[in-house]
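Residue numbers (my numbering): 1 to 411.
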Ligand SMILES: *Cc1c(COP(=O)(O)O)cnc(C)c1O
């Protein structure tokens, strides 16, 4: 028995974190980077859960949420799960990724997809970003597959590790799609599975097609900092009934449809609750409004920051419709006279939160020693990127004020 009373575990690192980690409310008077916007049928649907006693891991809102996601993503099936990371882990498993397989994944991204690869027992091979889209570079994918791999029978083997290469996991980061056509062509040529991580880009399109619908499967997250939130949750979308069926089965403890609790393999409890789905559905119904607000915030920033020396604005390829999920600038210290971190500190003193972006995943301790195919673009983006306040509901005047401050800080 413990001698002391129970206390919450306080994680030291959190003290230094930004004012609004993962979509949490910011302190009074601070403009947060990205927080949820609740102004649809959230209350109504949640009350319906409580009134009908459908509060746990099945229920009508789970079905409705899945249907709307499938329809928005232009796919036949959607399987709701407990998080975006669970969606990725499940997608990898039902795609047949096994221990010691390898999966090509973006180097410049949040860590979840690389972790999911390890959860499946496989290994990431990190692919650097293109400088003009900040997304996975198809040319590096091609050169790795061409020069770094060889065919042995029907399997593709990585020359340097000797492992099987099975799949590509492009991550559509910050609201912008990856250039998918060359990646899909390569996947076909080399017989690889494509799983899209669309967690940050719900609503974005590539050549007018919704992200998540382009590969064999697409994965989404409804964490609090994402454009649409269910508090926490995720979704797998696909046009393949077999993959959808296996994903549903595996995420519900692989329970067979018989009364006496038989299970045909070791499954997972990755279910989304009806309460989460109720929140998620109410949010998803507002997607069009959310997207148009995000796009107008981005347009305001793009306009106001376009001629500030040393500030690079967020790209949008001609084949893309970005959601501008996290509006992010590049701060060139030579020309701007300050680093991204110095700018973050100045903004914070003015009551404005901002966030630098990810250390390239191959450099993070959790995945150190992994292979990386690199042009050092991820390092460059890491050194210069800063995400600005861009929540749905942000007054466009505020975006203008923030842009003016940034202009005023040039040295
Ligand atoms: C948020 C996110 C995820 C999934 O996150 P969960 O918190 O598990 O829902 C996956 N990939 C990327 C790129 C993300 O940003």
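Every residue, glycine too, gets a C-beta built ideally from N, C-alpha and C.
{"Asked": "Rounded to whole angstroms, what's the CA-CA distance from residue 366 to residue 259? Just pull it up for me.", "Found": "42 Å"}
{"Asked": "Just the Cα atoms here: how many angstroms apart are residue 137 and residue 130?", "Found": "5 Å"}
{"Asked": "Ligand 1 heavy atoms versus the CB of residue 232: any closer than 8 Å?", "Found": "yes"}
{"Asked": "Cβ of residue 197 versus every heavy atom of ligand 1: is any distance shorter than 8 Å?", "Found": "yes"}
{"Asked": "Consult DSSP for residue 292 and reduce its assignment to one of helix, strand or coil.", "Found": "helix"}
{"Asked": "Taking the alpha carbon of residue 206 as the reference point, which residue from 395, 112, 283, 321 has its own alpha carbon closest?", "Found": "321"}
{"Asked": "Quick check on residue 253: does DSSP put it in helix, strand or coil?", "Found": "coil"}
{"Asked": "In chain order, which alpha helix (DSSP H) runs of at least 4 residues are fully inside the region 292–337?", "Found": "333–336"}
{"Asked": "CB residue 194 to CB residue 213, shorter than 9 Å?", "Found": "no"}
{"Asked": "Could you have a look at residue 277 and say whether DSSP puts it in helix, strand or coil?", "Found": "helix"}
{"Asked": "Would the beta-carbon of residue 101 fall within 9 Å of that of residue 134?", "Found": "no"}
{"Asked": "Could one say the Cβ of residue 130 lies closer than 9 Å to chain B's Cβ atoms, at least one of them?", "Found": "Chain labels in this structure do not include chain B; a single protein chain is all it has."}
{"Asked": "Considering only their Cβ atoms, is the gap separating residue 319 from residue 298 smaller than 9 Å?", "Found": "no"}
{"Asked": "Taking the alpha-carbon positions, what's the residue 346 to residue 380 distance?", "Found": "22 Å"}
{"Asked": "Just to check, is the beta-carbon of residue 390 closer than 8 Å to a non-hydrogen atom of ligand 1?", "Found": "no"}
{"Asked": "Looking only at DSSP bridge pairs, what is residue 164 linked to?", "Found": "157"}
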